[in-house]
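Novice: The working numbering puts the first residue of the sequence shown at 3, with every later residue one more than the last. We put the CB at the ideal spot given by N, CA and C, even for glycine.
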Amino acid sequence: LSVGVGYKFSDQFSAQIGFHNYFDKNTEWGETEGLIDNNYWELALGFEYNISEQLLLSAGFLRAQTGVNKLAYNDDLSYSLSSNTFGLGGAYKINEMLTLQFGGYYTAYTPETLDYTVYTQKYEKTNMAIAIGLDFTFGGTGE
């Protein structure tokens, strides 16, 4: 289930919010019985600001909450952690045919230390990405 809404406060500024729920707790996917305690969900917020006709900036946040049974699901090869993701981006309109897109994000996963019968295992990670793109518009104004 995904729901979202956006609101344009002015010609320059808008905000969006979205909620996503994955109904995986009761799926009964054969080998997953006992591995999922709660449904996985996400809450996202986004903001966009048009500084000028040429330059747009955006920022966003995503909270993702895992629902797995931590001791039963997580192992050395596969694990699920809750996370917070922060993103920034923008677009620069070079001319009517070219727009430069740029952005990046950083995700911080919530560390988990689990005590198994024989050993203790700590799960933690972060990731980051940046991207640059170029939009080409042919035969129109790009609006």
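1) Where DSSP assigns a beta bridge to Trp43, which residues make up the other side?
2) In whole angstroms, what separates the C-alpha of Phe49 from that of Gln56?
3) Do we get a CB-CB distance below 7 angstroms when we pair Arg65 with the residues of chain C?
4) Just grab the DSSP bridge partners of Met130 for me.
5) For Val70, is the classification buried or exposed, using 16 other Cβ atoms within 10 angstroms of its Cβ as the cut-off for buried?
6) Between which two residues does the beta strand (DSSP E) carrying Leu73 extend?
7) Please determine if the segment 87-102 and the segment 118-126 are in contact, where contact requires at least 3 C-beta pairs separated by less than 8 angstroms.
8) Should Tyr9 be labelled buried (16 or more other beta-carbon atoms within 10 Å of its own) or exposed?
Specialist: Reading it off the structure:
1) Paired residues: Asn23, Gln67.
2) Distance from the CA of Phe49 to the CA of Gln56, rounded to the nearest whole angstrom, comes to 17 angstroms.
3) As a matter of chain content, chain C is missing from the structure shown, which is built from one protein chain.
4) DSSP lists Tyr108 as partners of Met130.
5) Buried: at least 16 other Cβ atoms inside 10 Å.
6) Unbroken run through Leu73 is the alpha helix (DSSP H), 72-75; no beta strand (DSSP E).
7) With contact defined as three or more Cβ pairs closer than 8 angstroms, the segment 87-102 and the segment 118-126 are not in contact.
8) The residue in question, Tyr9, is exposed, as its Cβ has fewer than 16 Cβ neighbours within 10 Å.
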